[in-house]
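Here the sequence shown stands for residues 56 to 811, numbered as in the working numbering.
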Amino acid sequence: MRNTPGILWRVVLVAALASAARADVVRLKNGNVLEGKIIAETAKELRIRTASASELTVPRDQVAEIEKGEAPFEAYKKRAAALKEDDAAGHHALADYCLEHRLLPEAIAELRRVLDLEKDNQAALAKLRPLLDQRAQPLLSQAKRLQEQGQYEEAEEPLIAILEQYPDSSFAAAAQHHLALGFAARKQYDMALTRWRRALALDDKLIEAYEGAAQAAAETGQWADAISFTERAIENAKDAAHAARLRERADALRNLAKLQAQGADPKARDASRLAAEARVMMQLGQRERAFARYQDAYDAGSRDPELLKLLCDYNERHGRIRLALEIYQHLVTANPADDELVRRRARIEQLLLVPRAFATRDKAERERLLFRIARSGASFEAIQGALAECTEREPQKAGMVEGTFLVDELLVRAGYVAYVPKNYDPRRAWPLILAFHRDGETAKEHYYNWETIAAADRAILFFPACPAKAGWRPVHLNVVLSALRHATKVYNVDTNRVYAAGTGSGGSLAWAAAVRWPDRFAALAVRNAPLDEVSRLYLRSTVNLPTYLMVSQHALPDVIGSHREAYKAMDDWGYDVQREEVPGYARNPALPELNTKVIAWLESKVRDPYTPRVRLVSFEAANAAAYWVSVERFAPTVFDPDRRLNFRAPLGQEYSPEQMQMIYLGEMAKTLGQAIAAVAPGNRINLVTKHIEELTIYLDDRMVDLEKPVRIVGNGEVIFQGQVQRSVEQLFESARFHRDPRLCYSAAVRVKVRDR
């Protein structure tokens, strides 16, 4: 009787295999039979894995006969074909068979079919989730590593793969959370908030998502949502101390919402209420908003000494020298015996020399002025702030004005129409919108499409006129930069809030310029404007350029197709892009009804000169710099438009012009110079380059800690490691190089990279 259990087990095993897949059978000369899977065979022996997972080696001379069974995958296909689609139990049994035979992709597919039929089948879900987690976890780990290195764009690919391929895994909520972290790091708070909402829909206990969503809602002024998310975070707090901090934050948010509700009337400028708002914002960590409120309180008449001291320090650091001196005067008047206040005022008076040092072309004069500025004792941050704010201009006529400007590269003058807000104050920097008209339209006619925005008096509008009757063409690309230079020369323009826009061919021109010089603009809005094929090759450089694409539903097919193609690519890359199809309007719509939406969108976008991520695409010196990366020398392999392409058509055939163009574009795409630069943890800059040999990397304390050694890694190799010195000269040199006092960096390193 001792063998009875073994006999019964063998009977059950044989029955199971017969119903699933016939095993290999090895009949021995002594009469015994082995059943299982033959995993190796030689002339002398064979190895068989039995149903109990043990492996046996059998000499060939002891084998009488071998009967090969059916492969598990073949058996799976037969059983799957015989199953009815709605047979949940059958699919579940087939999934078990797949798990037994390590057919894991097939097991996942069968378990998903079971859940499609029986959504609450916990047994199937319990088997499926570990399988998905095994595949999702490495992708999440990869994304975390990339985010730690500041490579938020690259991190999106594995995170999206989790959501697309393994949405039922335990890591789906974490993937949404990390996508949100990436958007928040790039200050795209609306998109971050959407991802955090999705994360919480998957896992309502994810405390990090509640806190992130609350912060994003607060950054966008959605106080009710910020309070709600914070309250939910309290319910899931890690410990009592954490809960106490969250309650304190929730109370601050309620207080701020109450104060702002009291000040809903724009005429109610209560200085004490504004100061109270500022204190709460400071408590919430919103320093920039807090200081803006402190400034509002000062403008409303507050002369509280503590408030004045805070504003003095803030305005000095940010280069608002005249305002800082004005506030110092109030403090000195109230405290004439305070020698420290008098000394501080005298020190920052020297910063009034900064605009002269930036503007002068006389090198000796610039060096003399920089020496005096450096000797003033002002902090480096204050000097940098003064440089960024040295755009004060002469007063200008308000309303609609007309004039001309010089297009440097074409040596022709182009006309323009501008709108200057009625409340224009040349002492403060204003947003600028460069808008380009369509074919068959004048600059003045295009101005009327923007009257809604003009009437708001919140931005300077500048409408260049095409210097050619045929309309805008690629040869007019430099008109965009020339118009920008003229506008910033005449008006006090906030170069961190310059927006490019256009309709039809004017939109195509604005788009083509924006992809080549993405660091010149805070955002782009185009209407019915196709992007030309060469400019499409530069599209990846718009990683930091929010883009709003508008097209009419009855526009030409190539226009609609161009917008859809660009939108899909940019959306897949995780860029900040929006697309809107408008009913009607067969050709180049003015879209006046969208103006309110467009201006609200534009006003939410501000350029960050110290963005942690830069992507540069170029082959020519004219646009070989973006933000804090500048190409000094391309590799010999880079695309050269003057180099003859060596290709031949098949014998007896000729390439058509369209085929020639495709070959040319293909060669260009393969050989464009490319650089991806990212600020990474550990005071490190990561570079990935192609067809580039030498670059200058501009550095600043808002990117890395210049008090510590900096490490630069290029194409996987350490190409620089050491201390980098700040200098006032470098600060002004970088601003002059970019022709923009707000694109200034206090240090620079020139590095060589091994071309990939």
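Just so you know, even glycine gets a beta-carbon here, dropped at the ideal spot from N, CA and C.
{"Asked": "F435 - partner residues in DSSP beta bridges", "Found": "Per DSSP, none; premise fails for F435."}
{"Asked": "C-beta contact flag for V743 and V765 at 8 Å", "Found": "no"}
{"Asked": "Enclosing alpha helix (DSSP H) for Y265 [first to last residue]", "Found": "262-274"}
{"Asked": "P522 in three-state terms, based on DSSP", "Found": "coil"}
{"Asked": "Per-residue burial, A136 [other beta carbons within 10 Å of its own, 16 or more giving buried]", "Found": "exposed"}
{"Asked": "Integer Cβ distance of L727 from F775, believed to fall under 8 Å", "Found": "Contact doesn't hold; Cβ gap of about 25 Å is too wide."}
{"Asked": "Continuous alpha helix (DSSP H) assignments of at least 4 residues falling wholly in the segment 422-485", "Found": "435-443"}
{"Asked": "Runs of alpha helix (DSSP H) wholly within the segment 134-179 (minimum 4 residues, chain order)", "Found": "143-155, 159-172"}
{"Asked": "Sequence-distant residues of its chain with Cβ nearer than 6 Å to V472 (five each side left out)", "Found": "E457, A498, K499, Y502, F518"}
{"Asked": "Those runs of the beta strand (DSSP E) which lie wholly inside the segment 754-787 and span at least 3 residues", "Found": "765-769, 772-777"}
{"Asked": "Closest residue to F284 among A305, T275, H297, A299 (Cα-Cα distance)", "Found": "A305"}
{"Asked": "Extent of the continuous beta strand (DSSP E) run through A95", "Found": "88-96"}
{"Asked": "Cβ pair count under 8 Å reaching 3, the segment 220-231 against the segment 240-248", "Found": "no"}
{"Asked": "Beta-bridge partners of A555, as assigned by DSSP", "Found": "L489, L579"}
{"Asked": "Whole-angstrom distance between D171 and A164, CA atom to CA atom", "Found": "11 Å"}
{"Asked": "The segment 508-524 touching the segment 568-586, judged by at least three CB pairs closer than 8 Å", "Found": "no"}
{"Asked": "Cα-Cα separation, V661 to R421", "Found": "30 Å"}
{"Asked": "Three-way DSSP call (helix, strand, coil) for V804 in this model", "Found": "strand"}
{"Asked": "Residue environment, P644, which counts as buried when at least 16 other CB atoms sit within 10 Å", "Found": "At P644 the pLDDT is 46, less than 50, meaning the model places this residue with poor confidence and gives no usable figure here."}
{"Asked": "Status (buried if at least 16 other CB within 10 Å, exposed otherwise) for Q231", "Found": "buried"}
{"Asked": "Cβ-based neighbour list, V804, same chain, cut-off 8 Å, excluding 5 preceding and 5 following", "Found": "T751, I752, L754, V765, I767, F775, V779"}
{"Asked": "Counted within 10 angstroms of its Cβ, other Cβ atoms place S789 as buried (16 or more) or exposed", "Found": "buried"}
{"Asked": "According to DSSP, residues forming a beta bridge with T112", "Found": "R102"}
{"Asked": "C-beta contact flag for L187 and Y131 at 8 Å", "Found": "no"}
{"Asked": "Those runs of the alpha helix (DSSP H) which lie wholly inside the segment 566-639 and span at least 4 residues", "Found": "588-591, 612-627"}
{"Asked": "Coarse secondary structure for R343, derived from DSSP in three states", "Found": "A small correction: the amino acid at residue 343 is Glu; Arg does not occupy that position in the sequence shown. Three-state DSSP puts E343 in a helix."}
{"Asked": "Contact check, A733 vs Q315, beta carbons under 8 Å", "Found": "no"}
{"Asked": "The segment 325-333 in contact with the segment 346-355 per 3-pair CB rule at 8 Å", "Found": "yes"}
{"Asked": "Stretch pair the segment 546-555 + the segment 481-490: three plus CB contacts closer than 8 Å", "Found": "yes"}
{"Asked": "Element boundaries [alpha helix (DSSP H), containing E371]", "Found": "360-372"}
{"Asked": "Given 8 Å, three or more beta-carbon pairs between the segment 394-408 and the segment 418-433", "Found": "yes"}
{"Asked": "Check whether D512 and A690 have beta carbons under 8 Å apart", "Found": "no"}
{"Asked": "Under the three-state DSSP convention, the category L798 falls into", "Found": "coil"}
{"Asked": "Selection from V548, T543, H492 that minimises the alpha carbon distance to K32", "Found": "Residue coverage of the chain in this structure runs from 56 to 811, which leaves residue 32 outside it and unanswerable."}
{"Asked": "Sufficient close CB pairs (3 or more, under 8 Å) joining the segment 246-263 to the segment 649-658", "Found": "no"}
{"Asked": "Extent of the continuous alpha helix (DSSP H) to which S537 belongs", "Found": "532-545"}
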